[in-house]
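Asks: So the sequence lines, in the order shown, correspond to chains D and C. In this text, residue positions in the first sequence follow the numbering used here: the first is 485, and each later residue adds one. In this text, residue positions in the second sequence follow the numbering used here: the first is 485, and each later residue adds one. Quick reminder that beta carbons are idealized off the backbone N, C-alpha and C, glycines included.
Protein chains: 2
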Amino acid sequence: MATQELLTKGKLAKEASLILANVSTKAKNQALDEIRLALDKNAKSILEANKVDLEAGDKKGLSKAFLDRLALDGKRIAEIQAGLKVVKGLSDPVGEVLADWKRPNGLKIKKVRVPLGVIGIIYESRPNVTVDAASLCLKTGNATILRGGSDAINSNIALVAAISEAVEKAGLPKGTVQLIENTDRALLPEFLKLREFVDVIIPRGGADLIRMVTENSSIPVIETGEGNCHAYIEKTANQKMAIEIAINAKCSRPSVCNAVETLLVDAAIAQAFLPKLSVELLKQKVEIRGCGQTRKILPSAKEATEEDWEKEYNSLILAIKIVSGVEEAINHINKYGTRHSETIVTKNKRAAELFTKGIDAAVVYVNASTRFTDGGEFGFGAEIGISTQKLHARGPMGLPELTSYKYIIHGNGQIRA
Amino acid sequence: MATQELLTKGKLAKEASLILANVSTKAKNQALDEIRLALDKNAKSILEANKVDLEAGDKKGLSKAFLDRLALDGKRIAEIQAGLKVVKGLSDPVGEVLADWKRPNGLKIKKVRVPLGVIGIIYESRPNVTVDAASLCLKTGNATILRGGSDAINSNIALVAAISEAVEKAGLPKGTVQLIENTDRALLPEFLKLREFVDVIIPRGGADLIRMVTENSSIPVIETGEGNCHAYIEKTANQKMAIEIAINAKCSRPSVCNAVETLLVDAAIAQAFLPKLSVELLKQKVEIRGCGQTRKILPSAKEATEEDWEKEYNSLILAIKIVSGVEEAINHINKYGTRHSETIVTKNKRAAELFTKGIDAAVVYVNASTRFTDGGEFGFGAEIGISTQKLHARGPMGLPELTSYKYIIHGNGQIRA
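Quick look at the structure:
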């Protein structure tokens, strides 16, 4: 049984969503402007609330990296505001006619984009996501129920207070953006069963969060972000390019989901390639975990276990496995990958084709870094996350991915025989 | 923990799906031909197995309607075979390039349709669904795991034996179409947790089945078919048309999901309209359950309770409620409807627009019967079901709705700054 807070917020969001579905682009853009202004007006209380979270987190012994993601300052608020401007500038997908046709019986069928309805966002203690997610959902006419991490609760309450003030000022319904204030973990499964009010759940965070959500939700979920990505260096690869791609994919931002975790190298070039690669990896302080063959070439590498092939390190560790060719590479990736982003470095067209056809992932690259799997890099302007499932949306999700459609059919009295 | 049968079949399906994703349309069509021929060749064993099911069902006291849906004969097998020909004739969506563009950094991005992978179909004791679902999934390059109702198990085993023989003859992988033979209900939740192997679950059946699946599945589900549909007779309606539509939507096939369950009538015309409608409903032996105002006009109507507004009768019962206008009609439908199909009968353009915009449903009609919500009537050629959820697909689902996409990106060494 859901708590009163959940039921009240769910009901309010549902009501709001029915209104938001038909709000004009102009009114939604105005609300985005108002939110931007409200962040200025409320900057002081937001930063004070954030300070409370940071001090509590410090006392609790949260890691430096964690506290850094939690922290807000004038510069970060300005970045969030810049994001709101970008979302305002994007074109509104709602109302787009995706198809229309006429049936022999005269029925005129139109397939029209509509909002998803009520979107639940579950995320970790990153207050920037609060505004980011709310603005993308608002632009697409969805009502949002946010459930952020408990360590950011004071920041989130302050941010959503500012958002709510702006939403009201813009004349949008009260339930447009709401925050679940009770962050007791035991309540999460109840939120995930509010099918009556919530149309979609989008978890944003680590593998554990996503697993918990998919296993407990009776609401449809869009899984995002778990990324055990691979780079496969085929034997004809330009080896200089291969090293650049491997270093970029592993080191440019190891904590993100589109970073590479395992490198697969063709046996035919391993002897020549791995020592050169190893020099560059060591410069970047990357720890190598290799298969038996790899360790014959790079004796200082640790031994990779089955667990390593499955692991999303999210840090400067790289597993390396020597494979006999493209087929073994494909099999390894389809077995251990999370269907996120995979790349092959090759000059061989046939190998590239086998790879792009054979790999089951959201994004498959030839001769490029996996780090490009990102809404911005795809040209989407903004992104709510990267879907690693196959239903609804795959890969980076921009505004159209936050919509559904309905069929509107005009007749003149048709009945079915 | 899943049983050995589930694990073995899951693994085999997964392997098959990776091959099927790249099988040519020609090879898939050939397999559909082989299945058609195998149904002839194995007709005797299929009908014998069906007889075993029918006798057991009769002994068990299953209803006549149930046994009718379970029964196969030469004519029904011929219908199934005709269906296979239709699916063969449909164009194959796999491989379609949905979009392609080039980024300023030279990356060439292509969005390409791919199969969903492994589809689990859970359905009731209707053996025609076995071949129907398997053929649609096969045509779209998906592997299928079928879990049909226990009362059709012998028929299904015989049908899937014929299908498997055909699939093998056509050179497709062994795991292309499989049946779960252990129909113990207690195993269903285990099937619904085979996330490692199954990409999507599609339940086909009544509300209880669908609810059980959505509540227990950790695999993404496409909900189909629950239909509490409404017809709203607005005060400017052509009343003759309104009666025709109401009778068609209620009576032409009351057991299906796109039949109407509740009629909403504007107060302004109720006095004139309801008695005329009532005459026609009585001719069709429809039981009327009315709100208080309705019963003042039609005193013989039973009293409708809150439960009636929520109910999908699937039989010749119609609830009638008098409403003050389009706004109350929209609110009633959005509160009690299952987001399937809703219709307004009106001559007023403004009312029609309010209705089509305000109603949250897969299909919204103006001046036509809800009975047209059907893949065939939409011109899709075939249908796997009617989605009542908003993710992935809404309304009738044809072949494209059985696919996902992946991004294939070609570069020349791009790394991310």
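Just to confirm before moving on: does the CB-CB distance between L538(D) and T614(D) stay below 9 Å?
Replies: Stepping through the first sequence from its first residue, residue 538(D) is reached at position 54. Stepping through the first sequence from its first residue, residue 614(D) is reached at position 130. Cβ atoms of L538(D) and T614(D): not closer than 9 Å.
Asks: Report yes or no: is there a C-beta of chain D within less than 9 Å of the C-beta of K903(C)?
Replies: Coverage of chain C is limited to positions 485 through 901, which leaves residue 903(C) absent and any answer about it impossible.
Asks: With L875(D) and L600(D) assumed to form a contact (beta carbons below 8 Å), what rounded beta-carbon distance in angstroms separates them?
Replies: Residue 875(D) sits at position 391 when you count from the first residue of the first sequence. Residue 600(D) sits at position 116 when you count from the first residue of the first sequence. About 13 Å; that fails the 8 Å criterion.
Asks: Would you please verify whether the beta carbon of R834(C) is less than 9 Å from any beta carbon of chain D?
Replies: Locating residue 834(C) in the second sequence gives position 350, where the first residue counts as 1. False, the Cβ-Cβ gap to chain D never drops below 9 Å.
Asks: Taking contact to mean at least 3 C-beta pairs separated by less than 8 Å, is the segment 587-607 of chain D in contact with the segment 679-697 of chain D?
Replies: Taking 8 Å as the limit for Cβ pairs, the verdict is that the segment 679-697 of chain D does touch the segment 587-607 of chain D.
Asks: The beta strand (DSSP E) with P673(D) in it runs from where to where?
Replies: Numbered from its first residue, the first sequence carries residue 673(D) at position 189. Taken as a continuous stretch (DSSP letters only), P673(D) belongs to no beta strand (DSSP E), being part of the alpha helix (DSSP H) at L672 to F675.
Asks: Can you tell me which of the three DSSP states S825(C) falls into?
Replies: Along the second sequence, one-based indexing puts residue 825(C) at 341. Strand, per DSSP.
Asks: Taking only three categories from DSSP, how would you classify Q514(D)?
Replies: What you label residue 514(D) is simply residue 30 of the first sequence in a count that begins at 1. Reduced to three states, the DSSP call for Q514(D) is helix.
Asks: Quick one: measure Cβ to Cβ for H816(C) and I870(C), integer angstroms, because I've assumed they're closer than 8 Å.
Replies: Walking along the second sequence from the start, residue 816(C) turns up at place 332. Walking along the second sequence from the start, residue 870(C) turns up at place 386. The pair is not a contact, with the Cβ atoms about 22 Å apart (cut-off 8 Å).
Asks: Helix, strand or coil: which one does DSSP assign to T509(D)?
Replies: In the first sequence, counting from the first residue as 1, residue 509(D) sits at position 25. Note: T509(D) maps to helix in three-state DSSP.
Asks: Give the C-beta separation of K623(D) and E518(D) to the nearest angstrom, bearing in mind that I take them to be a contact with Cβ-Cβ under 8 Å.
Replies: By 1-based counting over the first sequence, the position of residue 623(D) is 139. By 1-based counting over the first sequence, the position of residue 518(D) is 34. Actually they are not in contact, since the Cβ atoms of K623(D) and E518(D) sit about 13 Å apart, beyond 8 Å.
Asks: Taking 9 Å as the threshold (beta carbon to beta carbon), is T628(D) in contact with chain C?
Replies: In the first sequence, the residue the question calls residue 628(D) occupies position 144. Chain C, which has no Cβ nearer than 9 Å to the Cβ of T628(D), makes this no.
Asks: How would you list, in chain order, the residues of chain D whose beta-carbon sits under 9 Å from the beta-carbon of D980(C)?
Replies: Since the first and last residues shown for chain C are 485 and 901, residue 980(C) lies out of range.
Asks: Can G590(D) and N896(D) be called in contact, C-beta distance under 9 Å?
Replies: Mapped onto the first sequence, residue 590(D) falls at position 106. Mapped onto the first sequence, residue 896(D) falls at position 412. In this structure, N896(D) lies closer than 9 Å to G590(D) by Cβ.
Asks: Pull up the CB-CB distance for A733(C) and A726(C), whole angstroms please, since I reckon it's below 8 Å.
Replies: Here residue 733(C) is taken as the residue at index 249 of the second sequence, counted from 1. Here residue 726(C) is taken as the residue at index 242 of the second sequence, counted from 1. Going by Cβ atoms, the distance from A733(C) to A726(C) rounds to 10 Å, so no, they are not a contact pair.
Asks: In whole angstroms, give me the CA-to-CA distance for A785(C) and G860(C).
Replies: Residue numbering aside, residue 785(C) sits at position 301 when the second sequence is read from its first letter. Residue numbering aside, residue 860(C) sits at position 376 when the second sequence is read from its first letter. Each residue's Cα considered, the two are about 36 Å apart.
Asks: Could you give the first and the last residue of the continuous alpha helix (DSSP H) run that contains T698(D)?
Replies: Along the first sequence, read from residue 1 onward, the residue named residue 698(D) stands at position 214. Run containing T698(D): A691 to N700, per the alpha helix (DSSP H) assignment.
Asks: Note down the Cα distance separating L758(C) from S501(C), rounded to an integer number of angstroms.
Replies: As a first step, residue 758(C) must be located in the second sequence, where it is residue number 274. As a first step, residue 501(C) must be located in the second sequence, where it is residue number 17. Those two C-alpha atoms are separated by around 55 Å.
Asks: Please list the segments of the beta strand (DSSP E) lying wholly inside the segment 729-802 of chain C, counting only runs of 3 or more residues, in order along the chain.
Replies: Complete beta strand (DSSP E) runs here, min 3: 744-750 and 771-774.
Asks: Which residues in chain D have a C-beta closer than 8 Å to the C-beta of H714(C)? List them in chain order.
Replies: The residue labelled residue 714(C) in the question sits at position 230 within the second sequence. What H714(C) touches in chain D: nothing, since even the nearest Cβ is about 15 Å away.
Asks: Do A803(D) and Q777(D) have their CB atoms nearer than 9 Å?
Replies: Along the first sequence, one-based indexing puts residue 803(D) at 319. Along the first sequence, one-based indexing puts residue 777(D) at 293. Cβ distance not < 9 Å, so A803(D) and Q777(D) don't count as in contact.
Asks: What separation, rounded to the nearest whole angstrom, lies between the Cα atoms of V644(C) and I561(C)?
Replies: Counted from its first residue, the second sequence places residue 644(C) at position 160. Counted from its first residue, the second sequence places residue 561(C) at position 77. Distance between the alpha carbons of V644(C) and I561(C) is about 14 Å.
Asks: Given that a residue counts as buried once 16 or more other Cβ atoms are within 10 Å of its Cβ, and exposed if not, what is E867(C)?
Replies: For the purposes of this step, residue 867(C) is identified with residue 383 of the second sequence, where counting begins at 1. So E867(C) counts as buried.
Asks: Counting only beta-carbon separations shorter than 9 Å, does H816(C) have a partner in chain D?
Replies: Counting from one through the second sequence, the residue named residue 816(C) turns up at place 332. Chain D contact via Cβ: absent.
Asks: In terms of residues, what are the limits of the beta strand (DSSP E) holding Q565(D)?
Replies: In the first sequence, residue 565(D) corresponds to position 81, counting from 1. Unbroken run through Q565(D) is the alpha helix (DSSP H), G558 to G573; no beta strand (DSSP E).
Asks: So, for Q565(D): in the same chain, excluding its five sequence neighbours on each side, which residues have a beta-carbon less than 8 Å away from its beta-carbon?
Replies: Locating residue 565(D) in the first sequence gives position 81, counting from the first residue. Only R520, L523 and D524 meet the Cβ criterion.
Asks: Run through the DSSP bridge pairs and tell me what Y849(D) is partnered with.
Replies: Indexing the first sequence from 1 puts residue 849(D) at position 365. Bridge partners of Y849(D): T827(D) and I893(C).
Asks: Short check: CB of F675(C) to CB of R631(C), under 9 Å?
Replies: Here the question's residue 675(C) lines up with position 191 in the second sequence. Here the question's residue 631(C) lines up with position 147 in the second sequence. It is a contact, given that the beta carbons lie within the stated cut-off.
Asks: Given this structure, state the Cα-to-Cα distance separating S529(C) from G494(D), to the nearest angstrom.
Replies: Taking the first residue of the second sequence as 1, we reach residue 529(C) at position 45. Taking the first residue of the first sequence as 1, we reach residue 494(D) at position 10. So the alpha carbons of these two residues sit roughly 54 Å apart.
Asks: Which same chain residues, not among the five before or five after E771(C), have their C-beta less than 8 Å away from its C-beta?
Replies: Residue mapping note: residue 771(C) aligns to position 287 of the second sequence, counting from 1. So the list reads K786, L800, I801 and L802, once near-sequence residues are dropped.
Asks: What are the boundary residues of the alpha helix (DSSP H) that includes I817(D)?
Replies: Here residue 817(D) is taken as the residue at index 333 of the first sequence, counted from 1. Segment V810 to Y820, the alpha helix (DSSP H) holding I817(D).
Asks: Pick from Q514(C), L620(C) and A636(C): whose alpha carbon is nearest that of R553(C)?
Replies: The residue given as residue 553(C) occupies position 69 in the second sequence. Ranking Q514(C), L620(C) and A636(C) by Cα distance to R553(C) puts A636(C) first.
Asks: Output, in chain order, the set of chain D residues within a Cβ distance shorter than 7 Å of Y849(C).
Replies: Here residue 849(C) is taken as the residue at index 365 of the second sequence, counted from 1. Going along chain D in sequence order, the residues near Y849(C) (Cβ under 7 Å) are I893 and G895.
Asks: Considering only the beta carbon of each residue, do L556(C) and L516(C) sit closer than 9 Å?
Replies: Counting from one through the second sequence, the residue named residue 556(C) turns up at place 72. Counting from one through the second sequence, the residue named residue 516(C) turns up at place 32. No; because the gap between Cβ atoms is not below 9 Å, this pair is not in contact.
Asks: Taking C-beta pairs closer than 7 Å, name the residues in chain C that M725(D) reaches, listed in chain order.
Replies: In the first sequence, the residue the question calls residue 725(D) occupies position 241. Here the neighbours are G897.
Asks: Just the Cα atoms here: how many angstroms apart are Y716(D) and K544(C)?
Replies: Along the first sequence, one-based indexing puts residue 716(D) at 232. Along the second sequence, one-based indexing puts residue 544(C) at 60. Cα-Cα distance, rounded: 59 Å.
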